[in-house]
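Below: the structure, in structure tokens.
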Amino acid sequence: MTLTDEILKLKREKKAIILAHNYQRPEIQDIADYVGDSIELSKRAMEEKDAEIILFSAVDFMAESAAILNPDKKVLLPSQGARCPMAQMLRADEVRRWKRKYPKMPVLLYVNTLAEVKAECDVCCTSANAVKVVNAMDSDTLLFGPDHNLALYVQ
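In my numbering, the protein residues as written are 10 to 164.
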């Protein structure tokens with residue numbers, strides 16, 4: 010039995026689905042149930058009613074998002090070292106400092122942040138909906154992070 014066969018057998022036995030980010034190697038994408046970007050994959054995980062386990066072959070913040078959106082399912086991240094550099098750029102304590110310094114200013118965060126950081130914001134956005142979200146906010150000024158380039162784009 011090949012490694013691929015063993016993985017597929019375990020996937021069936023454990024009622025698991027495999028979600029792979031677009032940047033994963035072809036061998037991983039080939040055995041994945043779904044391949045896509047972070048938001049796409051989290052939505053797929055929510056739609057998958059029969060799965061008990063979600064194996065998220067991606068980076069930390071994506072698996073965290075899937076776990077938040079699927080509280081009744083076990084979410085596994087194959088590599089604990091799979092970190093998104095951008096998600097590591099902003100910490101929850103920094104957002105709390107911003108909020109203390111600018112208490113009336115809304116906080117908008119790019120979805121590529123860790124769950125503990127997202128918990129401190131008013132709204133999260135994706136690169137696809139950032140302009141729409143900013144335009145819908147009732148403020149001329151807001152705190153935005155951690156993607157500086159996206160902030161410049163929506164300005």
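Note that CB positions come from ideal geometry on N, CA and C, so glycine has one too. Predicted model only: the values in this text are computed from it and were never measured.
Legend entry - Stretch-stretch touch, CB-based, cutoff 8 angstroms, three pairs: the region 63 to 83 with the region 28 to 38: yes
Legend entry - Reference residue 101, options 89, 90 and 116, closest by Cα: 116
Legend entry - Between the CA atoms of residue 106 and residue 123 - distance to the nearest angstrom: 17 angstroms
Inset, instruction - Go through its chain and collect everything with a Cβ distance to residue 125's Cβ below 7 angstroms, but skip five positions before and after it. - result: 101
Inset, instruction - Starting from the C-beta of residue 61, find all residues in its chain whose C-beta is less than 8 angstroms away, skip the five residues before and the five after it, and write them out in chain order. - result: 23, 24, 25, 82 and 83
Legend entry - Residue environment, residue 86, which counts as buried when at least 16 other CB atoms sit within 10 Å: buried
Legend entry - Distance between beta carbons of residue 153 and residue 160, contact taken as under 8 angstroms: 5 angstroms
Legend entry - is_contact[residue 11, chain B] using C-beta, thresh 8 angstroms: Absent from the structure: chain B. Only one protein chain is present.
Legend entry - 4 or more residues per run - each alpha helix (DSSP H) lying fully within the region 43 to 86: 47 to 56 and 69 to 78
Inset, instruction - Report back the beta-carbon spacing between residue 127 and residue 118 to the nearest angstrom; my notes put them in contact at under 8 angstroms. - result: 6 angstroms
Inset, instruction - Look up residue 163 in the DSSP assignment and say whether it is helix, strand or coil. - result: helix
Inset, instruction - Can you say whether residue 137 is buried or exposed, counting buried as having 16 or more other CB atoms within 10 angstroms of its CB? - result: exposed
Legend entry - 6 angstroms CB neighbourhood of residue 42 in its chain, flanking five on each side removed: 26 and 27
Inset, instruction - Kindly indicate which residue of 19, 59, 96 and 56 has the alpha-carbon position closest to the one of residue 73. - result: 96
Inset, instruction - Return helix, strand or coil for residue 120, following the three-state DSSP convention. - result: coil
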